[in-house]
Amino acid sequence: MLSVEPIPAFNDNYIWLITYRDRDAAFVVDPGDAVPVQRALEERGLRLEGILVTHHHFDHIGGLEALRDTWNPVVYGPDNPEIAGIDHTLGAGDRIEVLDHLFEVLAVPGHTLDHIAYFHPADDTPLLFCGDTLFAGGCGRLFEGTPAMMHQSLQALAALPASTRVYCAHEYTLANLAFAAAVEPGNEQLVERIARARESRERGAPTVPSNIALERETNPFLRC
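My numbering puts the sequence shown at residues 865 to 1088.
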């Protein structure tokens, strides 16, 4: 099974580090800053084999140039000329291999028009890297797409297997859940989730990944 670790960046971003067993190769998802990625690779004795990009916002691609210069990784991402350095442009239905594991590409426009997500359909615990489309307890703001686009994208993600781990790109969980509680104050699962999230943040721990089952129970944008 693939291992996934968060690399904190900026104030609330997560760059996801993907490794497999004792291999020295790694992939990262949405490297907005090269410095923490370089540090994480050096600390673990890893080499950067590939990069997955979900969309063109700078806090997701700002480290691309430096990482390419240092490691020459293969870079996958959406077909958007605003993203310099993509080796393989991807769209809905495409498939790629990440450390010998199959990933499917999903088109999830809304936050941006070019937004894609990466889904690994493992039998036991599928993985979803969804950038700024689906957050823990919420969803991304609409910068370019329409509400209808975002709703369709979120419904597609909600239909993924319940055990799918959701790796979003920001630590927005407590703010998202506060809004969710205002919308649905009688949701007991939501009350419990807020308590767990607060405890995690008090320890300095991430509140993500979540999973699709939990999002269906507590995320108002998957319950409408």
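Every residue, glycine too, gets a C-beta built ideally from N, C-alpha and C. Note that the structure is predicted; figures quoted are calculated from it, not measured.
*asked:* Looking at the secondary structure, which residues open and close the alpha helix (DSSP H) in which Thr997 lies?
replied: From DSSP, Thr997 is part of no alpha helix (DSSP H); its letter is neither H nor E.
*Taking the C-alpha atoms as reference points, what is the distance between Met1014 and Asn936?*
34 Å
*Quick one, which of Ile980, Asn944, Leu881 and Ala1022 has its alpha-carbon nearest Thr918's?*
Ile980
*With DSSP collapsed to three states, give me the class of Asn1075.*
strand
*When you compare only the Cα positions, how much space is there between Arg932 and Leu910?*
15 Å
*Residue span of the beta strand (DSSP E) that contains Phe1043, given as start and end*: Phe1043 -> not in any beta strand (DSSP E); alpha helix (DSSP H) instead, spanning Thr1037 to Val1047.
*Go through its chain and collect everything with a Cβ distance to Thr1037's Cβ below 6 Å, but skip five positions before and after it.*
Ala1000, Gly1001, Ala1061 and Thr1071
_Same chain, Cβ closer than 6 Å to Ala1099, five either side skipped, listed in chain order_ = Nothing can be reported for residue 1099, as the shown portion of the chain is limited to 865 through 1088.
_Residue from His952, Ser1027, Val901 and Ala1044 with nearest C-alpha to Ser1074_ = Nearest neighbour of Ser1074 by Cα position, chosen from His952, Ser1027, Val901 and Ala1044, turns out to be Ser1027.
*If you check the beta carbons only, do Pro900 and Ala873 fall under 8 Å apart?*
yes
*Starting from the Cα of Ile925, find the closest Cα among Gly955, Val892, Ala904 and Glu906 and give me that residue.*
Val892
_The alpha helix (DSSP H) enclosing Phe853, as first and last residue numbers_ = Residue coverage of the chain in this structure runs from 865 to 1088, which leaves residue 853 outside it and unanswerable.
*Near Ala1045, which residues of its chain fall below 7 Å by C-beta distance, leaving aside the five closest residues on each side in sequence?*
Leu1054 and Ile1058
*State buried or exposed for Cys1088, treating a residue as buried only when at least 16 other CB atoms are found within 10 Å of its CB.*
Burial is judged here by how many other beta carbons sit within 10 angstroms of a residue's own beta carbon; Cys1088 has fewer than 16 and is exposed.
*Report all residues from its chain with a CB closer than 7 Å to the CB of Pro895; omit the five preceding and five following residues, and keep chain order.*
Ile879, Val901, Ile915, Gly927, Leu928 and Leu931
*Reduced DSSP secondary structure (H/G/I, E/B, other) of Thr883*: Reduced to three states, the DSSP call for Thr883 is strand.
_Three-state class that DSSP yields for Pro1011 in the structure shown_ = helix
*Roughly how many angstroms lie between the CA atoms of Ile960 and Val969, to the nearest whole one?*
8 Å
*In chain order, what residues of the same chain lie with their CB nearer than 8 Å to the CB of Ile1076, ignoring the 5 residues before and after it?*
Leu992, Leu1021, Ala1022, Leu1024, Pro1025, Ala1026, Ser1027, Thr1028 and Val1030
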